[in-house]
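> Residue numbers (the working numbering): 1 to 194.
Beta carbons: idealized from backbone N, C-alpha and C, even for Gly.
Right, dumping it as structure tokens:
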């Protein structure tokens, strides 16, 4: 129904199905149209589906401020002969705001070790940011689907209608199956503006 509705509104979307989970990627315009659709869709004759509407998580590229970085240079340990005993080629890079430390002594030159350590630091900071964003995303999604006590929509196949419980607006199941649910969505949006 949502996929057909978005197509009717001129919004591109992609549908993914895995087992009982259906995901519809809709972009910012589709999110604006569907953001009030969070909740339980219940069939009178049994069965229900929970709808969660989440904005896409933006993945910003990590940009390091040189003032947030401390670079320590020291002599390597391990194999390498006289070179590691005489020349300080090992590098330890510390990201001061987070306390994240990365060391590198794999290369023979200090410059190569510093470059590699900075790359590893960016990777680690990106992984930490992604992990935090994912945790927030999961928390938001879980809060949307946790409450299954109140249905926002009721599908009654015997009577042939779909009713929005928040506004009491109905459309026929034939209209709903064609994606013609704009009246329901507009009614909820209008009610929210009051």
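Give me the DSSP bridge partner(s) of residue 104.
91
> Please tell me whether residue 90 and residue 62 are closer than 9 Å, where the distance is taken between their beta carbons.
no
> Return the CA-CA distance between residue 112 and residue 96, expressed in angstroms with no decimal places.
In a straight line, the C-alpha of residue 112 is about 22 Å away from that of residue 96.
> State the start and end residues of the unbroken alpha helix (DSSP H) segment that holds residue 185.
Note, residue 185: alpha helix (DSSP H), 182-193.
> Alpha carbon to alpha carbon, what distance is there between residue 171 and residue 129?
44 Å
> Any chance you could list the beta strand (DSSP E) runs of at least 3 consecutive residues sitting entirely within the region 9-73, in chain order?
14-18, 21-25, 39-43, 48-51
> Would you kindly report the start and end of the unbroken alpha helix (DSSP H) that includes residue 173?
173-177
> Just to confirm, are residue 36 and residue 192 a CB contact at a threshold of 9 Å?
yes
> Hey, could you find the ends of the beta strand (DSSP E) residue 163 is sitting in?
161-164
> Is the region 183-192 in contact with the region 11-29, if contact means three or more CB pairs nearer than 8 Å?
no
> Three Cβ pairs or more, each shorter than 8 Å: is that satisfied between the region 40-51 and the region 151-159?
With the cut-off at 8 Å, the region 40-51 and the region 151-159 touch.
> Tell me where the beta strand (DSSP E) around residue 75 begins and ends.
No beta strand (DSSP E) holds residue 75; DSSP gives it neither H nor E.
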